[in-house]
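Asks:
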Amino acid sequence: MDGQLGTANDWQSLISKLTGVYASHVVFSETQEPIEIHVLASNSRNVKSIVRDVQSAISARYGIEVDYHIISVAQVSSSVISGMGFRLIYSGISMRSSGKEVEVSVILAREEERFTGTAVGSAIPFSRMRCIAQATLDAVKACTGNKVYFELASVEVIQSHGRSIIVSQVYCLPENTPLIGCVYAEPDQDAAIAQSVLDAINRKLEVYTQEV
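So the sequence shown is numbered by my numbering: it starts at 5 and just counts up by one.
Quick look at the structure:
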């Protein structure tokens, strides 16, 4: 699959914007053909309608007809999402390269709302990782009415028992309390970076928003 037909992250970002969809995960084969599309959605909509929306969105954007058999939909009630308090869910990521720079956009979800954060940096691997983490915090800022509660300290990949783990450290302002989040890097390292940031901050974010 060439660049014009999008990456797994591009597809996830598109699908996660559909009505009633909280998050998605797309798997491509070694030949870059879509083989699995997993969707987490509200139970307020019919599964068949969600599947048709996914097919229509991909067809309209990329000109590809997706077999409905590869689309699986898990549904949860809005009360389950609300029961998570103010926690945010990773919903998608997109990247745009220009020369030696990369612009990253991360989408976070809370119930039916979507929040997008962006960051720009060097395309080298370490800087790219920081851009994803920073874009995640920028999306958090969009969610909290531009209030800045967190500052990125570091993001790195460590190895443990043969597996790669993304570890993010974030300072909680104004006390500068360090918070740590970690997520297995497989199967999608870019998504794991954003998720590790959320793992670090979500509980504290819930406390902050209750105090406002």
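Where is the CB? At the ideal position from N, CA and C, for every residue including glycine.
Could I get the ranges of all uninterrupted alpha helix (DSSP H) runs contained in the segment 35–69, with 4 residues as the minimum, in chain order?
Replies: Listed in chain order, they are 51–66.
Asks: Does DSSP put residue 109 in a helix, a strand or coil?
Replies: Looking at residue 109 - three-state DSSP - the assignment turns out to be strand.
Asks: Just to check my reading of the structure: residue 26 and residue 199 have Cβ atoms closer than 8 Å, yes? What is that Cβ distance to the nearest angstrom?
Replies: At roughly 14 Å, the Cβ-Cβ gap does not stay under 8 Å, so residue 26 and residue 199 are not in contact.
Asks: In angstroms, rounded to a whole number, what distance separates the CA positions of residue 35 and residue 81?
Replies: In a straight line, the C-alpha of residue 35 is about 36 Å away from that of residue 81.
Asks: Taking 8 Å as the limit between beta carbons, can you name the residues of its chain near residue 192, skipping five residues before and five after?
Replies: Cβ neighbours of residue 192 beyond the five flanking positions: 12, 13 and 29.
Asks: CA-CA distance, residue 50 and residue 79?
Replies: Approximately 10 Å, taken between the alpha carbons.
Asks: Ordered along the chain, which non-local residues of its own chain (more than five positions away) have a Cβ less than 8 Å from that of residue 65?
Replies: Correct list, in chain order: 10 and 18.
Asks: With DSSP run on the structure shown, which of helix, strand or coil describes residue 89?
Replies: Here the model assigns residue 89 a pLDDT of 48, short of 50, so the residue's position is not dependable and the matter cannot be decided.
Asks: Is it true that the segment 70–78 meets the segment 31–48, where meeting means three or more beta-carbon pairs spaced less than 8 Å apart?
Replies: A contact exists between the segment 70–78 and the segment 31–48.
Asks: Among 201, 23 and 33, which residue has its Cα nearest to the Cα of residue 176?
Replies: Ranking 201, 23 and 33 by Cα distance to residue 176 puts 201 first.
Asks: Going by Cα to Cα distance, which pick from 155, 190, 178 and 58 is closest to residue 256?
Replies: Nothing can be reported for residue 256, as the shown portion of the chain is limited to 5 through 216.
Asks: Express the C-alpha separation of residue 143 and residue 149 in angstroms, rounding to a whole number.
Replies: Rounded to whole angstroms, residue 149 to residue 143 spans 10 Å at the Cα level.
Asks: Going by alpha carbons, who is nearest to residue 153 out of 206, 52, 38 and 186?
Replies: Residue 206 is the option with its Cα nearest to residue 153.
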